[in-house]
Each structure stands twice: as structure tokens, then as C-alpha cells.
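Chains as they are written, first to last, in my numbering: chain V, 281 to 482; chain X, 14 to 111.
All residues carry an ideal CB built from backbone N, CA and C; glycine is no exception.
Just so it is clear, the structure is predicted and the values come from calculations on it, not from any experiment.
Everything below concerns the one structure shown next.
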Amino acid sequence: MTVREAPERESSSSKLGMWLFLFTEILLFGGMFLLYAVFRVTHSADFHRAALELNRIAGTVNTVILLSSSLTMALSIAAIKNGRRKLSLSLQGTTIFLGAVFLIVKSIEWNSKIGLGIYPGSPVLLAMAKGEILFYGLYFMMTGLHGLHVLAGTGLLLFTLASTARNAIRADSHAWLENSGLYWHLVDAVWIYLFPLFYLVS
Amino acid sequence: MVTVNGSIKPQIVGYRVYIATWAVLVTLTATTIAVYSLSLGTAGAVASIVIATIKAGLVFCIFMELRRESRFIQLILIVPVALMAVIIIFTLLDVWYR
Chain V
281 MTVREAPERE
291 SSSSKLGMWL
301 FLFTEILLFG
311 GMFLLYAVFR
321 VTHSADFHRA
331 ALELNRIAGT
341 VNTVILLSSS
351 LTMALSIAAI
361 KNGRRKLSLS
371 LQGTTIFLGA
381 VFLIVKSIEW
391 NSKIGLGIYP
401 GSPVLLAMAK
411 GEILFYGLYF
421 MMTGLHGLHV
431 LAGTGLLLFT
441 LASTARNAIR
451 ADSHAWLENS
461 GLYWHLVDAV
471 WIYLFPLFYL
481 VS
Chain X
14 MVTVNGSIKP
24 QIVGYRVYIA
34 TWAVLVTLTA
44 TTIAVYSLSL
54 GTAGAVASIV
64 IATIKAGLVF
74 CIFMELRRES
84 RFIQLILIVP
94 VALMAVIIIF
104 TLLDVWYR
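Structure representation (C-alpha cells):
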């Protein structure tokens, strides 16, 4: 005889687990935002100058992409709750696509900087003003860590897509999808802060 | 074996709130860029953080359904955010007045 918790209990405890994980994520990125705050205040002119070199259009496009992916993510959960499996599948697929586009845009941006010889520890970078070195260090570190999170989230969504396709995620049991959504929204929220801090430094 | 309590309650979850929230988020993004192009210096920097916080707040409350969650779950979000805000603000105060 197997004893299992009632489904409602399992899903709320797994949701609690995901929220606790998000707590740690906020502290993880928060620590880097703290570094950014201090260095921006102590090297504001250098930060302003370095930020002008970033591609604002790419940053804006990526912001709209992630915001839209959060929409499709939320809609996919609503769809599965309504029993609309195919709709949820297309919305999850769209979210994955948008995540992939975000990563492509980000890697194009990174490639353009690396092509100019600007990467952590490079001679070109080390010849710049101290504040600019700090700016780029934070830029690669924070957008890199964020990008890894987008990549992981996209992998997670590929899993939920497959689960939904074989009906393991459905109207009466969709904790995996909801929790993946929570993770995805947090990744979006982090970018919401990264965008003005790196691209819109006036 | 534990039996499931009752039948599945049919619920129709609306899509409209999410779409409306997305529209507000995109508008706020445009607003941030507009504020940036005004080149307001420190006021502009503060404004962009405030707008970003409103956007993040919308993502938390509506996309992540935080409005509907228990106070405990809400605290799991509020506590680290408040903690980071305090740490950052007090560190900046220290740096400014050294």
C-alpha cells in the first residue's frame, strides 16, 4: 500500500520549495547589484562613458522579448488550467522560442565586444579607465549569470513541453509548469533591473 | 491509498489580465527609455529604478500570482528584496559620506 499526500498538499509544498529557491536567487543577484551600486557611485563618469558603448536597441529588444515570454509563460499555465492542452503547448513553445532569441541577441552583443578585444582580463580592457574596467567586469558577470539562468529556464521549459505533450502535466496536475513559470518570471524580473542599469546610464 | 477529495472544480482562468499587464509593462519600458533620453542625471537614475521596481512588482503580483498566495509566501519574496534594499542603501550612505 502506497501512501501519498493529497495532490493539493504536494503542489503547495513544491511551490513553497520553488519560492524558497527564488529567495536565494534574489540574494545571489542582489549581491552583484550591491557591487554595481557602489562602483557606479564611485566611478559615475566612467560608467556613463562605458554604458554608451552598449547597444541600446539590442537591450530594448531583449527587454520586450523577455516581457513577452513572461506573458506567454503565464498564458500557458492559464491554458493548461482551462484544459487547453494544445494551446498550452504552443504557448510553452513560444516561450522557449523567445528565450532562444534572447540568448542569440545576447551572444551577438557579447561577440561584438569580444571582437573589439573587450573581455574580462583582456589587454584592451585593462588599458581603459578603472571605472570602465569595473563596468565591463560587472556587465559580463551579471549578464552572463543571467544568460545562464535563461538557458537553464529554457531547458526546464523543454522538459515541461515534453511532459505536457504526454499528459503528465494537465489541468488537475501542473505543479511543474507553475513552478517553472515562477522561475522564468524571476529571470525576467532580474533583467528588468539589468536593462536600465547597464543600458540607460545617464 | 489516499483518495482525491471530490471532483476537479472547473475553473476558467482568464487571459485578459495577463495581456493587460504585458501592455503596461511594455509601456513602462518605453517610459524608461523616454526618461533616459531626457538626460536628467541623478533624478533620471532614480526614476529608472522606480519604474523598474514598478515593473518587477507587476511581474511578481500578477504573473507570479503573488496577490493570491499566503502571507508566508509573500514574505518569502518581500524579505530578501527588503534586505537587499537596506544593504544597498546603507552601503551607499557609507560610500557617499566617507
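Contact set for Ser370(V): own chain, Cβ-Cβ below 6 Å, skip 5 residues either direction: none
Please list, in chain order, all residues of the same chain as Ala455(V) whose beta carbon is under 8 Å from its beta carbon, the five residues on each side excluded. Glu290, Ser291, Ser294 and Lys295
Alpha carbon to alpha carbon, how far is Val430(V) from Ile464(V)? Give it in angstroms, no decimals. Reading off the sequence, residue 464(V) comes out as Trp, not Ile. Taking the straight line from one Cα to the other gives about 8 Å.
Below 7 Å CB to CB, which residues in the same chain sit around Leu90(X) once its five sequence neighbours on both sides are set aside? Phe73 and Leu79
Would you report the Cα separation of Ala445(V) and Ile62(X), rounded to the nearest angstrom? 40 Å
Selected residue, minimal CA-CA separation from Pro93(X), among Gly395(V), Gly311(V) and Gly427(V): Gly311(V)
The alpha helix (DSSP H) spanning Glu389(V) covers which residue range? Arg365 to Gly395
Look up Arg446(V) in the DSSP assignment and say whether it is helix, strand or coil. coil
Relative to the C-alpha of Thr340(V), which candidate in Tyr28(X), Leu41(X) and Leu106(X) has its C-alpha closest? Leu41(X)
What residues from the region 94-109 of chain X come within 8 Å of chain V, judged by C-beta to C-beta, listed N to C? Val94, Leu96, Met97, Ile100, Ile101, Thr104, Leu105, Val108 and Trp109
Below 8 Å, how does it come out for the region 396-411 of chain V and the region 319-331 of chain V: are there three or more Cβ pairs, yes or no? yes
Hey, Tyr399(V) and Leu405(V): beta-carbon distance below 8 Å or not? yes
Coarse secondary structure for Ser251(V), derived from DSSP in three states: Residue 251(V) cannot be examined here, being either before or after the span of chain V that is shown, 281 to 482.
Name, in chain order, the residues that DSSP records as bridge partners for Ser453(V). Arg450(V)
Is Gly411(V) close to chain X? Criterion is C-beta to C-beta, closer than 8 Å. no
Three-state secondary structure (DSSP) of Ile64(X): helix
Test item: CB-CB of Val467(V) and Gly435(V) under 8 Å: no
Taking beta-carbon pairs under 7 Å, can you tell me which members of the region 315-334 of chain V lie near chain X? Ala317, Val318, Val321 and Thr322
Closer than 8 Å to chain X by CB, Pro476(V): yes
Pair within 8 Å by beta-carbon distance, Tyr489(V) and Leu314(V): The first residue shown for chain V is 281 and the last is 482, placing residue 489(V) beyond what the model contains.
Please tell me whether Tyr473(V) has its Cβ less than 8 Å away from any Cβ of chain X. yes
Cutoff 8 Å: Thr40(X) Cβ touching any chain V Cβ: no
Could you give the first and the last residue of the continuous alpha helix (DSSP H) run that contains Arg329(V)? Ser324 to Leu332
If you compare alpha carbons, which of Ile306(V), Ala359(V) and Val344(V) is closest to Arg450(V)? Ala359(V)
Is the Cβ-Cβ distance between Trp471(V) and Leu346(V) less than 8 Å? yes
Do Ile376(V) and Leu332(V) have their CB atoms nearer than 8 Å? no
Members of the region 43-60 of chain X near chain V, C-beta cut-off 7 Å: Thr45, Ile46, Tyr49, Ser52, Leu53, Gly54, Gly57 and Ala58
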